[in-house]
């Protein structure tokens, strides 16, 4: 184990995460990617790309509003237009943006909430075009990650050629810096703690939504910036996997799996764990064993030079676990990069990776997810591990135990001793006659 887990605070007596280096190296990667491209500049409305480029953040409330934007011209510095007083805050507290020089007040169209005749889209295009003209780049292609149609039209009216810029951002973010890896590892350590509390709490009678509340409380108490979501799935809801929690009451013998997604200083987690409540049926135990075998086979070959195709070849086809094709089974046997957002590069899926493989490199951080439906028709197992690709292999940074299926909740005692941890939730099947013996 080589990746260190620091405390979340800065101290003078230990070298920890260097935030100045984080900001500098991220911008440096973007500059390198831009210089290697045919683009004159990139324009971003995506919160994760804005943060990567400018090291600014205004909370999660605005993530779906496409309200703020930033541009990086070739050979120049990033310029940010932000919401109201946020721009003033950046001018006072973000010296790397040189005050009013590159932290400016500006607003986009609020996803169409402004009246179309208010001229907001045209003003956004004018601001961007002015920066491009200052750098002699107005006739060069402008890469944009996300854009609303009125703004696209207004940019074109300014004589700007707009092309896809999302790939450039994803390429820059594909390999993580030393500090990014430390932040991702710290984020996982916070989820470790949440699973410890959840394992203790999980028992018959609690509801899925209560589990979500418990996990969120633990993470926010530990300093999480944002709990994006907690998928809490139990009982017959496990197969098929609905990807969203409900108010279902957990029952004895239920399978239960969870995915915890949160952000620590912007860096995210995607971290599944699977439990049995009180006891596990033989079918559930077998499903977990198979799910784990697929996971371990994948991790065992992760190293620089391995491809995403090599990994997904180890996983079952969609038809093997009950789906008609790979699109229908998408994201059940799956892998994805993790950074300032989840589902970054590289992607692991039989839907795309066999024909379009990506080569793994040192410094990549990604999550691998496996799933297997149990033979009883309603139980299912789900496991996810996050790994960092190292010089000669990889290191797993999701530490809560998952090598074998954990049984949570009360242990029960009979006149002959403890109730077995492996038993069917249908009581008559737990007798010798019921088992066909």
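In our numbering, the protein residues as written are 104 to 540. The beta carbon of each residue, even a glycine, is placed where N, CA and C say it ideally should be.
- By the criterion of a C-beta distance shorter than 7 Å, residue 288 is surrounded in its chain by 106, 108 and 500, once the five residues flanking it on both sides are discounted.
- Taking C-alpha positions only, residue 393 is separated from residue 475 by approximately 7 Å.
- Counting only unbroken stretches of 3 or more residues, the beta strand (DSSP E) elements lying wholly within the segment 157 to 188 are 172 to 176 and 182 to 185, in sequence order.
- DSSP links residue 359 through a beta bridge to 337 and 378.
- When secondary structure is reduced to three states using DSSP, residue 345 falls in the coil class, being assigned neither helix nor strand.
- Within the segment 269 to 316, the alpha helix (DSSP H) runs of at least 4 residues that lie entirely inside it are, in chain order, 269 to 276 and 281 to 304.
- Leaving aside the five residues that flank residue 497 on each side, the residues in its chain whose CB is nearer than 7 Å to its CB run, in chain order, 402, 405, 406, 490 and 491.
- Counted as a single uninterrupted DSSP element, the beta strand (DSSP E) harbouring residue 472 occupies residues 468 to 476.
- Assignment of beta-bridge partners to residue 520 by DSSP yields 517.
- For residue 131, the enclosing alpha helix (DSSP H) stretches over residues 122 to 138.
- Within its own chain, the residues whose Cβ lies closer than 8 Å to the Cβ of residue 140, once the five positions on either side in sequence are excluded, are 246 and 271, listed in chain order.
- By the C-beta criterion, the segment 433 to 440 is judged not to be in contact with the segment 516 to 525, since fewer than 3 inter-stretch pairs fall below 8 Å.
- In this structure the segment 370 to 382 touches the segment 276 to 290; the number of beta carbon pairs closer than 8 Å is three or more.
- Here DSSP, grouped into helix, strand and coil, assigns residue 326 to coil.
- Taking 8 Å as the cut-off, the beta carbon of residue 362 is found no closer than this to the beta carbon of residue 225.
- Per the Cβ contact rule, the segment 270 to 286 is not in contact with the segment 297 to 304 (fewer than 3 Cβ pairs under 8 Å).
- Under DSSP, residue 437 forms a beta bridge with 472.
- A Cβ-Cβ distance of about 5 Å is found for the pair residue 477 and residue 387, placing them in contact under the 8 Å criterion.
- Within the same chain, Cβ atoms closer than 7 Å to the Cβ of residue 241 are found at 232, 235, 262 and 263, the five residues on either side in sequence being excluded.
- About 7 Å separates the Cβ atoms of residue 471 and residue 451, confirming a contact at the 8 Å cut-off.
- In the displayed model, residue 146 falls within a strand according to three-state DSSP.
- About 4 Å separates the Cβ atoms of residue 338 and residue 357, confirming a contact at the 8 Å cut-off.
- Annotation for residue 448: the continuous beta strand (DSSP E) segment containing it runs 445 to 451.
- If the five residues before and after residue 465 are omitted, its C-beta is found closer than 7 Å to the C-beta atoms of 407, 492, 493 and 494, all from its own chain and listed in chain order.
- For residue 109, the three-state secondary structure derived from DSSP is coil.
- Counting only the Cα atoms, residue 484 lies some 11 Å from residue 505.
- Residue range 252 to 260 is occupied by the alpha helix (DSSP H) that includes residue 254.
- Excluding residues up to 5 positions away in sequence, 397, 400, 401 and 404 lie with their Cβ nearer than 8 Å to the Cβ of residue 417 in the same chain.
- DSSP places residue 525 outside any beta strand (DSSP E), giving it a letter other than H or E.
- At least 8 Å separates the beta-carbon of residue 175 from that of residue 122.
- Secondary structure remark: continuous alpha helix (DSSP H) runs of at least 4 residues inside the segment 390 to 417, in chain order: 411 to 415.
- Secondary structure of residue 237 (DSSP, three-state): helix.
- Just so you know, the alpha carbons of residue 529 and residue 253 end up roughly 59 Å apart.
- Under the DSSP assignment, residue 512 falls outside any beta strand (DSSP E); it carries neither an H nor an E label.
- Boundaries of the beta strand (DSSP E) harbouring residue 245: 245 to 247, taken from the DSSP string.
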